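Chain order of the listed sequences is H and U.
Just so we're aligned: 60 in my numbering is position 60 of the first sequence, and the numbers increase by one with no gaps anywhere.
Here my numbering runs 330 ahead of the position in the second sequence, where the first position is 1.
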Amino acid sequence: MATAPPASRISTTRFLRSTRIRSYEIVVWALAVAALVVFPAHAPLWNEIAILALFAVSLGHAAFFGTGCYAAALFAKHVMPDPLVGLAVAAIAAGLLGLITSPLVLRGSDLTRLMVTLGVALILFELANRYSEITGGADGLQGVVMGPLLGLFKFGLDGRVGYSYSLIVLFLLFVLARRIVNSPFGYGLRAIRDNRLRATAIGINANARLAAVYTLAGAYGGVAGALLAQTTAFASLDVLDFHRSADVMLVLVVGGIGYLYGGLLGAVVFTVLRDQLSALSPEYWQFWLGLVLVIVVLVGHERLARPWHRLADWFERRAEASRAGVEASR
Amino acid sequence: MTLAALRTHGLCKQFGGITATQDVSITIARGARHALIGPNGAGKTTLVNLLTGVLQPSAGRIELEGEDITGMPAHQRVRRGLVRTFQINQLFAAFTPIETMSLVIAQREGQGADCFRALCRHAGAVDEAIALLERFHLAADMDVRTSMLPYGKRRLLEIAIAVASRPRVLLLDEPVAGVPVGESKEILDTLSALPSDVSVLLIEHDMDLVFRFATRMSVLVNGALFVEGTTNEIARNPEVKAVYLGEASHA
Numbered sequence: 001m002a003t004a005p006p007a008s009r010i011s012t013t014r015f016l017r018s019t020r021i022r023s024y025e026i027v028v029w030a031l032a033v034a035a036l037v038v039f040p041a042h043a044p045l046w047n048e049i050a051i052l053a054l055f056a057v058s059l060g061h062a063a064f065f066g067t068g069c070y071a072a073a074l075f076a077k078h079v080m081p082d083p084l085v086g087l088a089v090a091a092i093a094a095g096l097l098g099l100i101t102s103p104l105v106l107r108g109s110d111l112t113r114l115m116v117t118l119g120v121a122l123i124l125f126e127l128a129n130r131y132s133e134i135t136g137g138a139d140g141l142q143g144v145v146m147g148p149l150l151g152l153f154k155f156g157l158d159g160r161v162g163y164s165y166s167l168i169v170l171f172l173l174f175v176l177a178r179r180i181v182n183s184p185f186g187y188g189l190r191a192i193r194d195n196r197l198r199a200t201a202i203g204i205n206a207n208a209r210l211a212a213v214y215t216l217a218g219a220y221g222g223v224a225g226a227l228l229a230q231t232t233a234f235a236s237l238d239v240l241d242f243h244r245s246a247d248v249m250l251v252l253v254v255g256g257i258g259y260l261y262g263g264l265l266g267a268v269v270f271t272v273l274r275d276q277l278s279a280l281s282p283e284y285w286q287f288w289l290g291l292v293l294v295i296v297v298l299v300g301h302e303r304l305a306r307p308w309h310r311l312a313d314w315f316e317r318r319a320e321a322s323r324a325g326v327e328a329s330r
Numbered sequence: 331m332t333l334a335a336l337r338t339h340g341l342c343k344q345f346g347g348i349t350a351t352q353d354v355s356i357t358i359a360r361g362a363r364h365a366l367i368g369p370n371g372a373g374k375t376t377l378v379n380l381l382t383g384v385l386q387p388s389a390g391r392i393e394l395e396g397e398d399i400t401g402m403p404a405h406q407r408v409r410r411g412l413v414r415t416f417q418i419n420q421l422f423a424a425f426t427p428i429e430t431m432s433l434v435i436a437q438r439e440g441q442g443a444d445c446f447r448a449l450c451r452h453a454g455a456v457d458e459a460i461a462l463l464e465r466f467h468l469a470a471d472m473d474v475r476t477s478m479l480p481y482g483k484r485r486l487l488e489i490a491i492a493v494a495s496r497p498r499v500l501l502l503d504e505p506v507a508g509v510p511v512g513e514s515k516e517i518l519d520t521l522s523a524l525p526s527d528v529s530v531l532l533i534e535h536d537m538d539l540v541f542r543f544a545t546r547m548s549v550l551v552n553g554a555l556f557v558e559g560t561t562n563e564i565a566r567n568p569e570v571k572a573v574y575l576g577e578a579s580h581a
């Protein structure tokens, strides 16, 4: 059915423009670069944020993060110190774990899925603990020495090269994720989430799609873990710990789910908040952090992030009430 | 008999002790306008679910254009041209009609797994989507979220999705259910305009619609095939009147 572009093509500009780069996106990345220029002394903190943001864009699953972290650290220690090759190895290792475990998460309801994913992380944690001659166990993996990036830039203690590296990797994977979201594959995934019965009825193989994206998310999580291992030249059991997954939950509570920049925004707020609160109140910072999160949940992310919507609603109600009043007085 | 588009042999479905489908052997000829009628609870929707692969039969076989599809997953049946509409709208609530239709067409063209080029850059799919939306009087609402559309428009979108899938065999499960009389004409017109080699199985309650649209009919009672024939034969059949049409003739 060859059709000439119909005249009403103009009326669907919103859809045709859906891939356009928006101004806030430029602002976000400009700020990320500016952070290093203006506050170079905080580079390790910025690095932490970049890694958490990437982790949040993936599934936020400690099993993948830890796998990527150990894969990168062990690869650097025993095989080759080059960071980029190590990054690829970590992505493949975590992606494979995703592929292997995908049949587990494709079954069951949301709650069973949550338990299964937690179970996988627990199993890996205990394995890493048990085989301490390989992983270093509770003491962590010592003696990881990273080679210079591209053979030129050495990872220094000031963390500037580390942050630059993490930021570039985050940016590139963000660009890729953005492309996927707007592609037919990405639309297909949202279609499955929206209405699986209908998605199948237009010929989408839901299980294969979910397995594919789970593998990809595993690789993303693995890269995040690898960045941590490479920029700190260290890996410990902590990277497989439950709190890693819980952190991402909190990041997404703050940032909101369903859009890519939510994870980034949440990672910034969460990390800065934790950093500031622990400086202000070294003993009770967790209390204050908890309080902030409770408020976010109670007030609602939408109303906190976009207070002007509430104001607009309020004005509209007022205007309506006065109109009704005028009408009644007639 | 090589002309059969869709054929079942001794199809059975049991849910525990309840038999929802009992030994149904039905043949839909290529290009047929075939109606499936039967009182409430006769097992019409169960039969559709068996044909489309939502349910697996307890016994029996299903053939699509001569190929055995009994154990085939639902999405592969769609790719072979067995397409359905749902009695209750099944739409992507968060998508706009143009997004929905572009996805359906890209998927049909085998582009569904493309994870690099944006959907809105698949110009062929988008142009065809717009053309179809115009045909279904949805062009003005193409950028409105589906959840915000009025019921009649959503019903049209449901049918438009099926047509966009380029069916070889189309199963329509009460296509005008709940649609106001004025708007149901739009749906019927688009269905009448389907290419003549597309076979249609219409599951419907509305007898006026059945007699206007279909040339052959099968009557399903208590999960089993009661009688089959041309619409005229069925209309004159006293037994059918007794079990089914009789209800209507009192009115």
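C-beta atoms are modelled at their ideal positions from N, C-alpha and C, and glycine is treated no differently.
The structure presented is a predicted model; accordingly, all values stated were derived computationally and were not measured.
- By the C-beta density criterion, Y220 (chain H) is buried, having at least 16 other C-beta atoms within 10 angstroms.
- Check the Cα spacing between T560 (chain U) and each of U:K343, U:A350, U:Q352 and U:A359: the tightest is with U:A359.
- For T560 (chain U), DSSP records a beta bridge to U:R546.
- Residue pairing from DSSP leaves A279 (chain H) without any beta-bridge partner.
- Using a Cβ-Cβ cut-off of 7 Å, T200 (chain H) is close to A404 and H405 of chain U, given in chain order.
- Considering only beta carbons, the part of the stretch 192 to 216 of chain H lying closer than 7 Å to chain U consists of D194, N195, L197, R198, T200, A201, I202, G203, I204 and N205, in chain order.
- DSSP places C342 (chain U) within a strand segment (E or B) once states are collapsed to three.
- At a cut-off of 4 residues, the continuous stretches assigned as alpha helix (DSSP H) that sit fully inside the stretch 38 to 105 of chain H are 43 to 57 and 62 to 78.
- Taking 8 Å as the threshold, the shortest C-beta distance from F64 (chain H) to chain U does not fall below it.
- Residue state for H467 (chain U) is assigned as coil, using DSSP reduced to three classes.
- Distance from the CA atom of V175 (chain H) to the CA atom of L122 (chain H), rounded to whole angstroms, is 32 Å.
- For Y261 (chain H), there are no C-beta contacts with chain U under 9 Å, since the nearest C-beta of that chain is about 18 Å from it.
- Under a 10 Å Cβ-count criterion, F125 (chain H) is classified as buried, with 16 or more other Cβ atoms of the shown protein chains found around its own Cβ.
- For the stretch 125 to 136 of chain H, the beta-carbon criterion of a distance under 9 Å to any beta-carbon of chain U is satisfied by none of its residues.
- Boundaries of the alpha helix (DSSP H) harbouring H405 (chain U): A404 to R409, taken from the DSSP string.
- Along the stretch 457 to 476 of chain U, the positions whose C-beta sits under 7 Å from a C-beta of chain H are D457, E458, I460, A461, E464, A469, M472 and D473, read in chain order.
- In terms of Cα proximity to L550 (chain U), the closest of U:F345, U:T376 and U:V528 is U:T376.
- Contact between the stretch 183 to 195 of chain H and the stretch 445 to 461 of chain U is established, with three or more Cβ pairs separated by less than 8 Å.
- Spanning the alpha carbons of A404 (chain U) and V434 (chain U) requires a straight line of approximately 15 Å.
- No Cβ-Cβ contact shorter than 8 Å links R409 (chain U) with D398 (chain U).
- For R391 (chain U), there is no enclosing alpha helix (DSSP H); the enclosing beta strand (DSSP E) has its first and last residue at A389 to L394.
- A straight-line Cα-Cα distance of about 23 Å links L111 (chain H) and A199 (chain H).
- Under the Cβ distance rule, F345 (chain U) does not count among the residues neighbouring chain H, no pair being separated by less than 8 Å.
- With respect to the C-alpha of L167 (chain H), the residue from H:V297, H:L293 and H:F55 having the closest C-alpha is H:F55.
- It is roughly 10 Å from the alpha-carbon of W285 (chain H) to the alpha-carbon of L291 (chain H).
- Across the structure, G361 (chain U) and V499 (chain U) are spaced so that their CA atoms are roughly 8 Å apart.
- Contact check between the stretch 30 to 41 of chain H and the stretch 246 to 257 of chain H: fewer than three CB pairs, one atom from each, fall below 8 Å, which does not count as touching.
- Distance from the Cα of R438 (chain U) is smallest, within the candidate group U:N567, U:R546 and U:A494, for U:A494.
- Cβ proximity to chain H below 7 Å picks out nothing from the stretch 516 to 538 of chain U.
- With distances taken between CA atoms, F543 (chain U) lies nearest to U:V506 out of U:I428, U:L555 and U:V506.
- Contact annotation: in the stretch 15 to 27 of chain H, residues whose CB is within less than 7 Å of a CB in chain U are F15, L16, S18 and T19.
- The stretch 511 to 524 of chain U makes no contact with the stretch 350 to 358 of chain U, as fewer than three CB pairs between them are under 8 Å.
- Residue environment: P427 (chain U) is assigned as buried (16 or more neighbouring CB atoms within 10 Å of its CB, all protein chains considered).
- In the DSSP annotation of this structure, I21 (chain H) is not part of any alpha helix (DSSP H), being labelled neither H nor E.
- DSSP, read as helix, strand or coil, puts E397 (chain U) in strand.
- Per DSSP, the continuous beta strand (DSSP E) segment holding H364 (chain U) begins and ends at R363 to I367.
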